[in-house]
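Heads up, the thing below is written out as structure tokens.
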Amino acid sequence: MINLTRGVPAPESYALDDFAACFTKAIEEDGAKAMSYVASPGYAPLVELIAQQENVDKDQILIGNGSLELFEFITKVEAQPGDAVLVESPSYDRANLLVKRAGLKPIGIPLETDGPNIEKLEAAAKEHKPKFFYTIPDFQNPMGVTCSLEKRKKIAELASKYGFMVLEDSPYRSLRYMGKDEPMLASMVEPHLSARMTSYSKTLAPGLRLGVLIAPKEMSLRVRKWAGNTYIGPVSPTQALTYQFIKGGYFEPNLQKIKELYAPRLKKALEILDRELPNAVYPRPEGGFFIGVTLPEGNSMETLIPKAKEAGVNITDGRGFFLNPVDGERFFRIPFCGMKPEELEEAMGKLLPLFVR
Numbered sequence: 007m008i009n010l011t012r013g014v015p016a017p018e019s020y021a022l023d024d025f026a027a028c029f030t031k032a033i034e035e036d037g038a039k040a041m042s043y044v045a046s047p048g049y050a051p052l053v054e055l056i057a058q059q060e061n062v063d064k065d066q067i068l069i070g071n072g073s074l075e076l077f078e079f080i081t082k083v084e085a086q087p088g089d090a091v092l093v094e095s096p097s098y099d100r101a102n103l104l105v106k107r108a109g110l111k112p113i114g115i116p117l118e119t120d121g122p123n124i125e126k127l128e129a130a131a132k133e134h135k136p137k138f139f140y141t142i143p144d145f146q147n148p149m150g151v152t153c154s155l156e157k158r159k160k161i162a163e164l165a166s167k168y169g170f171m172v173l174e175d176s177p178y179r180s181l182r183y184m185g186k187d188e189p190m191l192a193s194m195v196e197p198h199l200s201a202r203m204t205s206y207s208k209t210l211a212p213g214l215r216l217g218v219l220i221a222p223k224e225m226s227l228r229v230r231k232w233a234g235n236t237y238i239g240p241v242s243p244t245q246a247l248t249y250q251f252i253k254g255g256y257f258e259p260n261l262q263k264i265k266e267l268y269a270p271r272l273k274k275a276l277e278i279l280d281r282e283l284p285n286a287v288y289p290r291p292e293g294g295f296f297i298g299v300t301l302p303e304g305n306s307m308e309t310l311i312p313k314a315k316e317a318g319v320n321i322t323d324g325r326g327f328f329l330n331p332v333d334g335e336r337f338f339r340i341p342f343c344g345m346k347p348e349e350l351e352e353a354m355g356k357l358l359p360l361f362v363r
């Protein structure tokens, strides 16, 4: 069975030998602390290192067991049941799930090829007075689009005008294979209205379960308290490993290898779409993990999922990325990074006969 569901890194991207060396060094240098409870902010040397890298106060940082867990904490601490929050449409399916599970009122903002629809964003902010806007501005999951500079400026302006927090999720930002970076939203939004999350799942390994929140001090302290009352402290051995990996100079060379590994996979995915699905609608990402495809009329997830399974391919239900499932009936996400180009050809070869093209 070929798996085209979750955005899982390629196994060959894992720097296993370097991980082993760094973990050994972590145990040799600081084993007792690394293997004990740590305070809720995270393993202190890694917190301090990230603070230096990001040029923020260490009290702004919270390291958790993956960024999704940190997002759930935010939905519990920074909003109350019934509060409105803004999300992109489509957006990360598990974030949508957590917003609903917290009893919040999600308002979908249509996503375009250059970011969210600004007119719809302002109308929603004006009408619903949201607590925050959850956005993935770089190589968005599930679409793969990157928010333009112009729209980033507009989002910052609207946050100031209507007083909502901008919660910037950036796990894919460093995975750019061509083109140039846009500035982070955090550099444009007023500091008291800006929080951002990132993860080492895509740049190191998801099994590390290591996410980072950088937020205003008051917010960080509130979320830290919730985190501490939830799990006492996050998993520390993998944080100690990550600290040694970054400190030892392994991170940047490894990141470059990952980008060189994934760039041809993105190229192959776009090549297949251009060749085989000329009537589908999809962006042209310059990095990240995903391409979101709107299939032509006549396609339906209701029938495609079981047919794909019969053909030997598991696909993600596109309806889960939308607050209104009907909007995702023809939505198909390609997680290209986890498959070699020839494997992607094989997977799409099994799926293409099932599509109305």
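Quick note: to get my numbering, add 6 to the position in the sequence shown (first position is 1). We put the CB at the ideal spot given by N, CA and C, even for glycine.
Item, Value
"Same chain, Cβ closer than 6 Å to Pro-136, five either side skipped, listed in chain order", "Ala-90, Val-91, Leu-92 and Phe-170"
"Nearest residue (CA-CA) to Gln-250, options Ile-8, Leu-55, Leu-103 and Ser-42", "Leu-55"
"Validate contact between the region 19-36 and the region 258-268 using beta carbons, cut 8 Å, 3 pairs", "yes"
"Continuous beta strand (DSSP E) stretch holding Lys-111: start and end", "111-118"
"Phe-337 beta carbon near the ligand COA (any heavy atom closer than 7 Å)", "Summarising the ligand content, the structure contains no ligands, and the ligand COA is consequently not present."
"8 Å Cβ cutoff met for Thr-248 and Leu-219", "no"
"Every unbroken beta strand (DSSP E) inside the region 189-237 [3 residues or more]", "200-205 and 217-220"
"Touch test, the region 147-167 against the region 114-122, Cβ-Cβ under 8 Å, three pairs minimum", "yes"
"Backbone secondary structure at Phe-145 - three-state DSSP", "coil"
"Where Asn-71 falls: helix, strand or coil (DSSP)", "coil"
"Option in Met-184, Ser-46 and Glu-352 with minimal Cα separation from Leu-227", "Ser-46"
"Segment limits, alpha helix (DSSP H) that includes Phe-25", "22-40"
"Backbone CA spacing between Leu-350 and Leu-272 [nearest angstrom]", "10 Å"
"Cβ neighbour criterion (16 or more within 10 Å) applied to Gly-150", "buried"
"CB contact flag (Asn-71, Val-229, <8 Å)", "no"
"For Val-287, the nearest candidate out of Arg-339, Phe-77 and Ser-42 (CA to CA)", "Arg-339"
"Supposed close pair Thr-334, Gly-344 - CB separation, criterion 8 Å", "Just to set this straight, residue 334 is Gly in the shown sequence, not Thr. No, Gly-334 and Gly-344 are not in contact; Cβ-Cβ is about 21 Å, not under 8 Å."
"Span of the alpha helix (DSSP H) around Thr-300", "Where Thr-300 is concerned, there is no enclosing alpha helix (DSSP H), although the beta strand (DSSP E) it sits in stretches over 296-300."
"Pick from Pro-302, Thr-244, Val-44 and Lys-346 that is closest to Tyr-431, judged by C-alpha positions", "Beyond the ends of the chain as shown, which are 7 and 363, falls residue 431; an answer cannot be given."
"Per DSSP, cross-strand counterpart(s) of Val-172", "Phe-139 and Ser-200"
"Buried or exposed (CB count within 10 angstroms, at least 16 for buried), Ser-200", "buried"
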